[in-house]
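Taken in sequence, the protein lines are chains A and B. If you use the working numbering, the first sequence closes out at 738, no skipped numbers anywhere. If you use the working numbering, the second sequence closes out at 1567, no skipped numbers anywhere. Where is the CB? At the ideal position from N, CA and C, for every residue including glycine. The structure appears right after this line, and notes come after that.
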Amino acid sequence: MAKEKVKERNIWQRIGLLDYRIIYTLVLILVAIPIWSPIGIPLRVGQNVKDYADALYALEPGSVVLCKFSGYATMLPDVEPIYMATWKILLSRPVKFLVLIQHPDSPSIIQYEFERLKPYIDEYGKEYGVDYMFFPYISMTEAAEISFTENIRDIFTEDLFGTPLDELPIMENIHSAHDFDLVISMSPEYDTRRYYVPYRIPLICWGTGTGLLPFVPPYYGYSVLGYCGGASQGGELELYSGFLGEGVKYNDAKNLAIIGLMVFIVVGNIAYFGEKLSKGGEK
Amino acid sequence: MAVVSFLKRDVPIALIIIFAIPFLLYRYIDHPAIKAVYSELGFWSSIISMIGWGLGVVYLFQGEYAATKRNPSTTQYLAFGLLCGFSLLLVGMALTLPGDLNNPHYLWVYYAFYRSQTTAFYGLMFLYLCSAAYRMLRARSLESTVLLLSAVIYTMRNASFFTWLAPWIGPVGDWIMHYPNKGAASAAVICMAFGSILIAVRQMLGRERTAIEVA
Chain A
456 MAKEKVKERN IWQRIGLLDY RIIYTLVLIL VAIPIWSPIG IPLRVGQNVK
506 DYADALYALE PGSVVLCKFS GYATMLPDVE PIYMATWKIL LSRPVKFLVL
556 IQHPDSPSII QYEFERLKPY IDEYGKEYGV DYMFFPYISM TEAAEISFTE
606 NIRDIFTEDL FGTPLDELPI MENIHSAHDF DLVISMSPEY DTRRYYVPYR
656 IPLICWGTGT GLLPFVPPYY GYSVLGYCGG ASQGGELELY SGFLGEGVKY
706 NDAKNLAIIG LMVFIVVGNI AYFGEKLSKG GEK
Chain B
1353 MAVVSFLKRD VPIALIIIFA IPFLLYRYID HPAIKAVYSE LGFWSSIISM
1403 IGWGLGVVYL FQGEYAATKR NPSTTQYLAF GLLCGFSLLL VGMALTLPGD
1453 LNNPHYLWVY YAFYRSQTTA FYGLMFLYLC SAAYRMLRAR SLESTVLLLS
1503 AVIYTMRNAS FFTWLAPWIG PVGDWIMHYP NKGAASAAVI CMAFGSILIA
1553 VRQMLGRERT AIEVA
């Protein structure tokens, strides 16, 4: 019975109802091609990414940046190029940065990332506790974070490694959000409320392509100076900053995947209109 | 019955009101006493939240155990066995290995196994997305045509191949993101804000069933 039905389908219906396994296989082949042989498709750096990097480059010497870091395994491939490029920019600048860890997995990830950044840390002569530090993970509820902005030591007495905050030279003159000059945020809505409205601290945003990009435009140009979301924009950031890494490598695979997606959308629509026209002809 | 109602309904409402008052006052009155109470509550909210993580793990075991009893199939036994095995592995590692989460053995499990597995699941989404876009993004009506064109232009804007091929795609994609999307996202944020106020008031009046009578 099912076979008879398949036989009844015309060419347009067959094109319009491709088996999902064919689609998956073709997409996998397309994504795999650049792994074997990189193509080198040119990258275009978007204005939002330029603004993101420029906000970091515009920091005065001695500025303090609060980096709200929420790295975890699932989203790392999409956002790690942004993290790594941002750390490299920050390490290359005469600024201090505090990392506020916001996910249970993040303590391991931040240390793993900074292990990989050791050549840059050495090159720029940076030191943990003097130029940057990590807060330990706690569940940052709304109330906890507002207390943190009022007095950091109300919430944290030690850093990630158990060193009392007062023993870290970087924390000498840092007591509350009044001492921050820039916040790197994953959630523009929350941090506009927590940092920009009460303290007028500008934000730049980093995050995944799907988790950040649709939600940041209402704040871009107001509380958010620039933003960078997803591995492809991570590649743009790498290109713009000159710190090349994984993001640029992902560009070919992403381009081919999107070309595949576009071809399927076009084929689907050709099949739809072909079927419609053929039905019209029958009448 | 009256005692049960008191515990399930009146006590949660009383707690909500007691804890909501300092949070509300904090927004409107700048006083050291209110700040101190707020700060203390903020600290405790983090502790309670962390206990929630622990309770989540307990509920996970409870749920899996109940599912295994209800449906004692090989797959279910395997799932429960794997859950117990990995939990034992992680707890055992945390208790026995020096360096806690930074122990190389733990990091190996995390990066070689957990990260690969979760990333693979994340990657699978793109395959589903391609299949869904092929079937659903068709110009069937005016609305679906607008959706199709916006989706196509914005997706093409994210691939540098297309912006290299047709440079106008970049600005048009940006326009879609920064104007129509901005309007919709702003409306969503405003709705969420009003919705939050509404839910807070309903909770304090005892009319929000999700805040009371928790099983």
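Query	Result
Helix or strand or just coil, what does DSSP make of residue 615/A?	coil
If you measure between the beta carbons of residue 543/A and residue 519/A, is that distance less than 7 Å?	no
Taking the CB atoms as reference points, tell me whether residue 659/A and residue 680/A lie closer together than 7 Å.	yes
Determine the direct distance from the alpha carbon of residue 1382/B to that of residue 607/A, and round the result to whole angstroms.	19 Å
List, in order along the chain, the chain A residues whose C-beta lies closer than 9 Å to that of residue 1547/B?	Simply none; closest approach about 14 Å.
Return the chain-ordered ranges of every alpha helix (DSSP H) run that is complete within the stretch 651–682 of chain A and spans a minimum of 4 residues.	664–667
For residue 1556/B, I'd like the list of residues in its chain whose CB is within less than 8 Å of its CB, leaving aside the five on either flank, ordered along the chain.	1365, 1368, 1369 and 1372
Taking Cβ positions only, does residue 1465/B come closer than 7 Å to chain A?	no
With a cut-off of 7 Å, does the C-beta of residue 1376/B fall near any C-beta of chain A?	no
Could you tell me which uninterrupted alpha helix (DSSP H) segments, each at least 4 residues in length, are contained entirely in the stretch 1466–1496 of chain B, listed from first to last along the chain?	1467–1488
Helix, strand or coil: which one does DSSP assign to residue 696/A?	helix
Following the continuous alpha helix (DSSP H) through residue 505/A, name the residue where it begins and the one where it ends.	502–512
Output the boundary residues of the alpha helix (DSSP H) element that contains residue 553/A.	Taken as a continuous stretch (DSSP letters only), residue 553/A belongs to no alpha helix (DSSP H), being part of the beta strand (DSSP E) at 551–556.
Please list the partners that residue 1530/B has in chain A, where partner means a Cβ-to-Cβ separation under 8 Å.	672 and 675
On the criterion of 16 or more Cβ atoms from any shown chain inside 10 Å, does residue 683/A qualify as buried, or is it exposed?	buried
Can you check whether the CB of residue 1386/B is closer than 7 Å to the CB of residue 1380/B?	no
Measure from the C-beta of residue 482/A to each C-beta in chain B and report whether the shortest distance is under 7 Å.	yes
Between which two residues does the alpha helix (DSSP H) containing residue 1407/B stretch?	1384–1422
What do you get for residue 498/A, buried or exposed, if any count of 16 or more other CB atoms within 10 angstroms of its CB means buried?	buried
Interface residues of chain B around residue 617/A at Cβ under 8 Å?	Residues of chain B passing the Cβ test: none, with the nearest at roughly 11 Å.
When the Cβ atoms of the stretch 701–711 of chain A are set against those of the stretch 554–562 of chain A, are three or more pairs found closer than 8 Å?	no
Just mark residue 1475/B as buried or exposed, buried being the case when its beta carbon has 16 or more other beta carbons within 10 Å.	exposed
Going along chain A, which residues have a C-beta under 7 Å from residue 1522/B?	499
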